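Down below is the structure, laid out as structure tokens.
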Amino acid sequence: MDEKTELRCNIMGRSEFCEMKGDIRIDGNSSTAFIVSSETDILTAENTSWSIRPYARKEALGEKDFARNWSVKPVTSRLDIARCTRNHSVPAILFSAGGYSGNFFHAFTDIIIPLYSTARTFNREVQFLITDRKPWWIAKFKTLFEALSRYEIIDIDDRHDVHCFHSLTIGLKGRNNKELSIDSSTSPYSMKDFRKFLRSWYSLKKITAAKIRDGDKRKPRLLIIPRKRSRSFTNVGEIAQLAESLSYQVIVAEPGPDVSGFAKIINSCDVVMGVHGAGLTNIVFLPENAILIQVVPFGMLEWASRISFEDPAKDMNIRYLDYKIKVEESTLIQQYPADHEVLRDPSAIGKQGWVAFRSIYLDKQNVTLDVERFRPTLTLLARSFSKHEQKKLGYWALLACLFIALSFFINFKPFMGPLSVLNLRLSTGEDEKLHLFDDTDSSLQIAKETINSTSIVNDTGSSHEEAEIMSSALTVNDTDSSHGESEIRDTEIIVNNATSRSQEVVVFKESLAQNMETNDSSNPPQFVNEKDTSMVNNTNSSLPEATDASAGTKNSTVEPPLCTFMGRSDFCEIKGDIRIDGSSYTVFIVSSEIDILAAKNTSWCIRPYARKGDQAAMDAVREWTVKLVAGASHILPQCTQNHSVPVILFSAGGYSGNHFHSFADIIVPLFLTSRPYNGDVQFLITNGLTAWISKFKTLMKALSRYQPISIDYRQDIHCYDSMTVGLIRRTSKELSIDPSNSPYSMKDFRQFLRSSYSLKRTMAIKIGNGSRKRPRLVIISRKRSRAFTNVGEIAGMAKRLGFRVVVAEPDADVSGFAKIINSCDVMMGVHGAGLTNMVFLPEKAVLVQVIPIGGTEWLSKTYFEEPAKDMNI
Numbered sequence: 001m002d003e004k005t006e007l008r009c010n011i012m013g014r015s016e017f018c019e020m021k022g023d024i025r026i027d028g029n030s031s032t033a034f035i036v037s038s039e040t041d042i043l044t045a046e047n048t049s050w051s052i053r054p055y056a057r058k059e060a061l062g063e064k065d066f067a068r069n070w071s072v073k074p075v076t077s078r079l080d081i082a083r084c085t086r087n088h089s090v091p092a093i094l095f096s097a098g099g100y101s102g103n104f105f106h107a108f109t110d111i112i113i114p115l116y117s118t119a120r121t122f123n124r125e126v127q128f129l130i131t132d133r134k135p136w137w138i139a140k141f142k143t144l145f146e147a148l149s150r151y152e153i154i155d156i157d158d159r160h161d162v163h164c165f166h167s168l169t170i171g172l173k174g175r176n177n178k179e180l181s182i183d184s185s186t187s188p189y190s191m192k193d194f195r196k197f198l199r200s201w202y203s204l205k206k207i208t209a210a211k212i213r214d215g216d217k218r219k220p221r222l223l224i225i226p227r228k229r230s231r232s233f234t235n236v237g238e239i240a241q242l243a244e245s246l247s248y249q250v251i252v253a254e255p256g257p258d259v260s261g262f263a264k265i266i267n268s269c270d271v272v273m274g275v276h277g278a279g280l281t282n283i284v285f286l287p288e289n290a291i292l293i294q295v296v297p298f299g300m301l302e303w304a305s306r307i308s309f310e311d312p313a314k315d316m317n318i319r320y321l322d323y324k325i326k327v328e329e330s331t332l333i334q335q336y337p338a339d340h341e342v343l344r345d346p347s348a349i350g351k352q353g354w355v356a357f358r359s360i361y362l363d364k365q366n367v368t369l370d371v372e373r374f375r376p377t378l379t380l381l382a383r384s385f386s387k388h389e390q391k392k393l394g395y396w397a398l399l400a401c402l403f404i405a406l407s408f409f410i411n412f413k414p415f416m417g418p419l420s421v422l423n424l425r426l427s428t429g430e431d432e433k434l435h436l437f438d439d440t441d442s443s444l445q446i447a448k449e450t451i452n453s454t455s456i457v458n459d460t461g462s463s464h465e466e467a468e469i470m471s472s473a474l475t476v477n478d479t480d481s482s483h484g485e486s487e488i489r490d491t492e493i494i495v496n497n498a499t500s501r502s503q504e505v506v507v508f509k510e511s512l513a514q515n516m517e518t519n520d521s522s523n524p525p526q527f528v529n530e531k532d533t534s535m536v537n538n539t540n541s542s543l544p545e546a547t548d549a550s551a552g553t554k555n556s557t558v559e560p561p562l563c564t565f566m567g568r569s570d571f572c573e574i575k576g577d578i579r580i581d582g583s584s585y586t587v588f589i590v591s592s593e594i595d596i597l598a599a600k601n602t603s604w605c606i607r608p609y610a611r612k613g614d615q616a617a618m619d620a621v622r623e624w625t626v627k628l629v630a631g632a633s634h635i636l637p638q639c640t641q642n643h644s645v646p647v648i649l650f651s652a653g654g655y656s657g658n659h660f661h662s663f664a665d666i667i668v669p670l671f672l673t674s675r676p677y678n679g680d681v682q683f684l685i686t687n688g689l690t691a692w693i694s695k696f697k698t699l700m701k702a703l704s705r706y707q708p709i710s711i712d713y714r715q716d717i718h719c720y721d722s723m724t725v726g727l728i729r730r731t732s733k734e735l736s737i738d739p740s741n742s743p744y745s746m747k748d749f750r751q752f753l754r755s756s757y758s759l760k761r762t763m764a765i766k767i768g769n770g771s772r773k774r775p776r777l778v779i780i781s782r783k784r785s786r787a788f789t790n791v792g793e794i795a796g797m798a799k800r801l802g803f804r805v806v807v808a809e810p811d812a813d814v815s816g817f818a819k820i821i822n823s824c825d826v827m828m829g830v831h832g833a834g835l836t837n838m839v840f841l842p843e844k845a846v847l848v849q850v851i852p853i854g855g856t857e858w859l860s861k862t863y864f865e866e867p868a869k870d871m872n873i
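Terminal number for the sequence shown in UniProt numbering: 873, no gaps in between.
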């Protein structure tokens with residue numbers, strides 16, 4: 001075979017995979033994929049072999065016998081390599097059916113969903129090679145394999161024949177940090193596509209859950225998953241009777257090896273109810289807008305319940321409700337005395353390790369549901385299937401929300417300091433009545449979240465879709481009834497009590513594998529780890545006055561570029577003779593020939609926009625090259641304009657047309673990067689749209705006393721002796737500044753905004769007894785999606801409650817709208833519909849975020865609730 005050879009290996013958060021093209025020979029006996037290459041390619045390659053375990057849960061791959069290790073090895077055609085015994089004309093995908101595949105949850109999250117993402121693009125013209133094969137497992141998912149490939153699966157292990165392909169992928173793509181999820185920002189597919197695929201191949205007829213109108217005799221169909229092993233219901237009959245008395249049609253069924261049969265049962269239902277990890281993975285077969293009720297066992301399992309099923313349910317357009325049992329509903333009270341630490345202090349068991357914790361709270365615990373305590377939950381859900389009831393509940397929830405907001409400004413008690421963000425939820429209490437309560441300051445926040453968001457918040461003027469990635473490393477016990485041998489071994493989870501009263505951390509298993517970046521001071525550039533702030537240049541130095549000179553050359557001391565790679569942004573800080581060619585998007589650094597010869601790299605590519613990891617955003621950002629060149633090089637351009645002040649080059653591309661992303665991705669990072677220069681800094685803008693620059697000209701003038709330069713396509717060469725390419729963003733939180741690694745905070749940023757836009761109000765109103773002052777409420781209207789259809793009714797209700805009401809919609813005049821927002825004490829709007837303007841609110845104001853249906857709670861929390869707390873709103 002004489003083909004062009006290509007080999008590319010990718011290392012991602014949860015998976016590793018290699019894609020190759022050319023003369024590929026697979027020897028199952030030695031677990032090796034040989035790729036025939038030229039001697040030159042092999043001699044110049046940094047590595048001549050790679051090892052990979054093709055299973056998409058990388059944090060578990062260190063375990064012995066977890067998944068077979070495969071080698072990818074370039075070889076020359078002269079070597080006596082194995083000859084092909086079978087040639088294939090279609091591409092191949094090699095993946096492992098080992099690991100936790102005996103667990104139904106892991107079969108989907110670690111194999112089936114990543115396999116779908118990897119194979120779907122081939123339209124069934126692809127061959128599957130399976131390592132660590134289990135015949136029963138392949139039989140169980142035969143329908144899905146046939147849906148993705150028209151060819152018989154090949155068990156590749158220990159074979160003595162040699163299979164040859166021209167295209168091969170080892171490992172599975174598309175595995176992000178969220179469980180049971182597809183990141184549509186980095187994949188052509190989504191969970192909606194995957195669920196449509198399941199419905200098609202399992203012949204599932206029901207697309208949307210029931211909508212029952214007044215007078216309709218139909219009943220919502222409820223499935224109770226009973227389970228014969230641990231985490232089962234001990235009183236299924238009572239639960240079923242309760243549900244039937246509330247007009248549910250009840251089915252009791254447990255999953256078995258017949259995936260297709262149980263999928264049809266699940267798909268026929270409107271509500272599914274089960275204990276955490278007891279068959280709940282089958283929600284993938286539910287119709288759209290169905291409801292999952294997850295019963296959370298006793299013992300600090302809220303974090304696992306959320307990561308494993310609550311968050312995935314939202315991505316699947318499944319409505320979610322959890323019911324947290326009391327210790328009295330756990331069968332553990334029959335196994336341990338009342339004062340035993342198992343019942344008194346689950347965190348103490350957690351300190352003994354994951355195996356000890358699992359053996360008690362997952363393996364030994366069943367649930368005896370208190371049906372009277374559970375009754376309000378089912379009652380509320382039954383009403384949710386009626387459109388009339390949904391509207392009534394929503395109206396009263398909003399009324400209560402505004403009443404509570406009003407009460408914050410009335411001085412019934414001594415003022416107690418900054419207000420927390422209102423996190424109001426509807427709940428049913430033990431008195432069987434509907435309650436509205438503030439869930440802001442929970443006494444025990446079990447899980448500490450790390451959200452690597454690639455979401456796009458549609459906030460005044462963006463057409464981008466919303467998406468999100470949550471990082472987690474989790475093993476979930478959701479086995480089928482016939483194969484539980486691979487249920488759970490170890491897991492990497494840190495449970496963090498994040499309340500201010502306790503700093504106790506329970507560590508189930510510490511990961512020893514860490515991603516390290518080596519700092520080699522002899523070779524530019526220096527790569528700085530995000531947490532290593534000691535190597536970052538101090539930009540707080542005295543700066544020269546700006547004087548633009550005529551063309552010429554510069555004579556500056558050259559320092560190697562200091563490049564910092566962080567979660568959300570990359571940026572390089574450079575000093576010396578720097579020449580910027582906008583026509584080729586290149587930053588030239590004049591260096592000695594000795595430095596260039598000694599350097600491991602002489603050029604680096606950077607996209608100067610602070611939303612790294614979001615492929616859609618970064619594709620809309622121009623790539624710049626930072627290049628070391630010798631002073632005598634013929635490619636070195638001559639300066640046509642010299643500058644005596646430092647310069648910052650950043651992109652106004654990406655999602656800059658969206659008001660939220662303008663602030664989160666550009667304005668806040670630009671404030672962090674440029675503020676130390678006290679105005680003595682020049683801005684170079686790539687992807688610089690005139691409308692965007694005009695919209696934020698007030699802030700640009702506040703940060704730089706010089707006119708910004710749109711650098712793209714310019715034929716003149718701008719020269720500097722100090723430069724930053726990219727913007728500093730040291731946190732993955734949105735609309736936020738981490739003061740622990742920055743000289744500034746969001747308080748400083750908001751003070752900067754008030755100064756720049758001449759906003760007069762620093763604090764929200766405080767109303768004492770007898771005062772005639774009324775709090776001022778702004779209702780954000782909107783002409784597009786997520787608009788209020790009854791603004792007049794809302795305004796009328798607010799006025800009757802004692803508010804002064806303003807109805808306004810943001811536009812291109814940022815300064816004018818900032819003054820309106822700053823004049824108000826309460827701001828109310830639908831998620832993403834202008835709420836970014838809360839940055840202009842006075843201190844201790846109140847934000848009321850109306851959250852649409854469809855699983856947007858996590859977006860609402862990440863993009864506006866958490867930032868509001870940082871802003872003292």
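Just so you know, even glycine gets a beta-carbon here, dropped at the ideal spot from N, CA and C. The model shown is predicted, which means the values in this text are computed figures rather than measured ones.
Query, Result
"Nearest-angstrom Cα distance between M300 and L670?", "41 angstroms"
"Let me confirm a value: Y713 is counted as buried when at least 16 other C-beta atoms fall within 10 Å, else exposed. Which label applies?", "exposed"
"Tell me whether H160 sits in a helix, a strand or coil according to DSSP, three-state version.", "coil"
"Cα separation between S502 and F262?", "Unreliable placement is indicated for S502, whose pLDDT of 32 sits below 50; the coordinate value is still reported in the next sentence. Roughly 45 angstroms separates the two Cα atoms."
"Specify, as a first and last residue, the run of the beta strand (DSSP E) that A787 falls within.", "Element bounds for A787: n/a, residue is neither H nor E."
"Please return the same chain residues whose Cβ sits closer than 8 angstroms to the Cβ of P810, not counting the five positions on each side in sequence.", "T460, H659, I780, F817, G834, N837"
"Can you name, in chain order, every residue of its own chain whose Cβ lies under 6 angstroms from the Cβ of A447, other than the five neighbours on each side?", "Here A447 scores only 28 on pLDDT, less than 50, and its place in the model should not be relied on; the value that follows carries that caveat. So the list reads W303, once near-sequence residues are dropped."
"Using 8 angstroms as the cut-off, can you tell me whether the segment 610-620 makes contact with the segment 181-197, which would need three or more C-beta pairs spanning the two stretches below that distance?", "yes"
"For my contact list, I153 and I170 are in at a C-beta cut-off of 8 angstroms; report their separation, rounded to the angstrom.", "Contact flag wrong, Cβ pair sits at about 16 angstroms."
"Could you please give me the residues that DSSP links to Y609 through a beta bridge?", "The partner list for Y609 (beta bridge, DSSP) is empty, contrary to what the question assumes."
"Mind listing, in chain order, the continuous beta strand (DSSP E) runs of no fewer than 3 residues lying wholly within the segment 104-185?", "127-131, 162-170"
"Let me check understanding here. Comparing Cα to Cα, which of V629, L777, R804 lies closest to S591?", "V629"
"According to the Cβ coordinates, are V275 and V342 closer than 8 angstroms?", "no"
"Alpha carbon to alpha carbon, how far is P852 from W858? Give it in angstroms, no decimals.", "12 angstroms"
"Which value, in whole angstroms, describes the spacing of the CA atoms of D716 and T640?", "6 angstroms"
"Locate the alpha helix (DSSP H) running through T350, then write down its first and last residues.", "The sequence as given places Gly at residue 350; Thr does not occur at that position. Where G350 is concerned, the enclosing alpha helix (DSSP H) stretches over 346-350."
"In three-state DSSP terms, what is Y202?", "coil"
"Rounding to the nearest angstrom, what Cα-Cα distance links W70 and D157 in this structure?", "10 angstroms"
"On the DSSP letters alone, give me the boundaries of the alpha helix (DSSP H) that T673 sits inside.", "668-674"
"Looking at the secondary structure, which residues open and close the alpha helix (DSSP H) in which D870 lies?", "866-870"
"Let me make sure I understand the geometry here. Which of R53, I224, I239 has the alpha-carbon closest to that of L172?", "R53"
"Let me check one thing: in DSSP terms, what residues is V587 bridge-paired to?", "I580, V626"
"From the DSSP secondary-structure annotation, give me the bridge partner or partners of D315.", "Beta-bridge pairing links D315 to no other residue."
"Going residue by residue through the segment 791-861, where are the continuous alpha helix (DSSP H) segments of at least 4 residues, counting only ones entirely within it?", "791-800, 814-822, 857-860"
"Examine the Cβ distances between the segment 843-852 and the segment 821-828 and report whether three or more of them are shorter than 8 angstroms.", "yes"
"For the 8 angstroms Cβ check, are there 3 or more pairs between the segment 313-327 and the segment 346-353?", "no"
"Comparing alpha-carbon positions, which option in P91, G854, V36 lies nearest A82?", "V36"
"Is the number of C-beta pairs between the segment 193-202 and the segment 96-103 that are closer than 8 angstroms three or more?", "no"
"Could you please give the first and the last residue of the uninterrupted beta strand (DSSP E) stretch that includes Y361?", "Careful: Y361 lies outside any beta strand (DSSP E), inside the alpha helix (DSSP H) at 354-361."
"Name the one or two DSSP bridge partners that N10 has.", "F17"
"State buried or exposed for E16, treating a residue as buried only when at least 16 other CB atoms are found within 10 Å of its CB.", "buried"
"Taking R730 and M566 to be in contact with their CB atoms under 8 angstroms, please state how far apart those CB atoms are, rounded to whole angstroms.", "6 angstroms"
"Given this structure, state the Cα-to-Cα distance separating R774 from A868, to the nearest angstrom.", "23 angstroms"
"Please state the DSSP three-state secondary structure of R227.", "coil"
"For F233, name the three-state secondary structure that DSSP assigns.", "strand"
"For M682, does the count of other Cβ atoms within 10 angstroms reach 16, so buried, or fall short, so exposed?", "Looking at the sequence shown, residue 682 is not Met but Gln. Looking at its Cβ environment, which holds 16 or more other Cβ atoms inside 10 Å, Q682 is buried."
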